[in-house]
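Quick note on our numbering: the sequence shown kicks off at 1446 and runs consecutively. Backbone N, C-alpha and C define an ideal beta-carbon position, used for all residues, glycine too. Report on the structure given below.
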Amino acid sequence: MSPAHIPVLLDETLAALALHPDGVYVDATFGRGGHSRAILARLGSAGRLIALDRDPQAVAAGRVWTDARFSIVHAPFSELGWVMAEMNVAQVNGVLLDLGVSSPQLDTPERGFSFRHDAPLDMRMDTSRGPSAAEWLQHADEAEIAQVVREYGEERFAKQIARAIVAARGVAPLATTGQLARLVAGAVRTRERGQDPATRTFQAIRIHVNRELEELAEALPQAVELLGPGGRIAVISFHSLEDRLVKRFLRTEASGPEVPADIPLPADKLPQGRLRLIGKAIRPTAAEATANPRARSAVLRVAEKLPDRKGAAC
Ligand SMILES: C[S@@+](CC[C@H](N)C(=O)[O-])C[C@H]1O[C@@H](n2cnc3c(N)ncnc32)[C@H](O)[C@@H]1O
């Protein structure tokens, strides 16, 4: 059995979604269904929950659920609009995105996400498609590797790490997480307290291999499009690159398109945003962070879809 996943910010997420018992909800990151289970427990017999995950193992865990109100689809959330159209669902009351990796992904050595275990260097959330981390590292340019490690890992020694990877793969392909971790440890010259030197590089390669930021940027507008008036979007991020993207997207959607100052429009004709921000960013309590260290970096942002306003400029 794969390791368990403790849902993060669970009560806060349920409150954020302002669940209606008869509503239709999407959990776009099923994982092991911690949030899904709690949502279903609050829905009535007419409620419905549609889950997505790109990880075949997560989908297999959901397929054994027998609740008639629940269905699960193997798809990346960048295909949310298409998945819902296929299911003839035009509008929903809420969408949840709990980003990043699950504990079963991190803690199952063969998935290759963790430098704590020596295992094949895979790191794909969807093991059915795309190049693994080992395949990407074997063929990428040194400059591209350095850029990924610098941008997605915010790693000062990105250049040295990329150089070491390219030198090593010239001798033999990098096949395991242990090999990569040792190589990075040799290239990183200073140590951050309480952090393994491979942490930043592993995060960067994972983000790149899974196109995590591109997926998020593609999914957010589709989620907003899908929401009916009063519908809620709740997004839990785990690192600053994700959170910055979510924050900017929600702010832009809340403020609406800019109108040049010299175009005189009455207040009720001014273009309006599609969303209303709900509260500020929510972080785990000290008690949750202590009980579940993986929750420490979580940030939840919430917004609500506004009703269409007839007659606004656009
Ligand atoms: C943090 S876990 C979610 C945990 C879940 N909320 C729970 O309580 O069990 C993130 C999950 O989202 C999935 N995931 C990440 N990016 C995805 C994407 N672009 N499309 C679909 N699923 C994705 C991962 O495979 C993983 O199972």
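Any non-hydrogen atom of ligand 1 closer than 7 Å to residue i Cβ
i, result
"F1694", "no"
"D1688", "no"
"V1654", "no"
"S1523", "yes"
"Q1550", "yes"
"T1572", "no"
"D1500", "yes"
"A1736", "no"
"E1665", "The amino acid occupying residue 1665 in the given sequence is Leu; Glu does not appear at that position. No, Cβ of L1665 sits at least 7 Å from all heavy atoms of ligand 1."
"P1452", "yes"
"S1547", "yes"
Nearest-angstrom Cβ-Cβ length linking residue i and residue j, presumed shorter than 8 Å
i, j, result
"R1746", "A1726", "6 Å"
"R1545", "A1506", "Residue identity check: residue 1545 is Gly in the sequence provided, not Arg. No, G1545 and A1506 are not in contact; Cβ-Cβ is about 17 Å, not under 8 Å."
"A1520", "A1579", "About 25 Å separates the two Cβ atoms, so there is no contact after all."
CA-to-CA distance, residue j to residue i, given in whole angstroms
i, j, result
"L1710", "E1698", "20 Å"
"Q1717", "I1678", "18 Å"
"A1748", "D1552", "32 Å"
"R1627", "N1533", "50 Å"
"A1530", "Q1536", "10 Å"
"A1660", "R1482", "In the sequence as presented, Ala is not what sits at residue 1660; that position holds Glu. One C-alpha to the other measures close to 24 Å."
"G1756", "K1714", "In this predicted model, G1756 has a pLDDT of only 49, less than 50, meaning its place in the structure is not dependable; the value taken from the coordinates is given anyway. Their backbone Cα atoms lie some 6 Å apart in a straight line."
"A1503", "F1558", "15 Å"
"V1540", "Y1470", "6 Å"
"I1723", "P1576", "39 Å"
"R1514", "G1673", "19 Å"
"E1589", "N1655", "16 Å"
"A1613", "L1485", "50 Å"
"R1508", "S1516", "8 Å"
"G1631", "V1594", "15 Å"
"D1753", "N1538", "15 Å"
Chain C within 8 Å of residue i, Cβ atoms only
i, result
"R1634", "The structure shown contains no chain C; it is built from a single protein chain."
beta-carbon residue i near ligand 3 non-hydrogen atom, thresh 7 Å
i, result
"E1660", "For ligand 3, the structure offers nothing, since it holds only ligand 1."
Please give the ranges of any alpha helix (DSSP H) in the stretch 1590–1672, keeping only runs that are unbroken, at least 4 residues long and fully inside the region. 1603–1616, 1622–1632, 1644–1654 and 1657–1671
Would you list, in sequence order, the uninterrupted alpha helix (DSSP H) runs of no fewer than 4 residues that lie entirely inside the stretch 1462–1532? 1479–1487, 1501–1508 and 1525–1531
Which runs of the beta strand (DSSP E), 3 residues or longer, sit entirely within the stretch 1680–1742? 1720–1722
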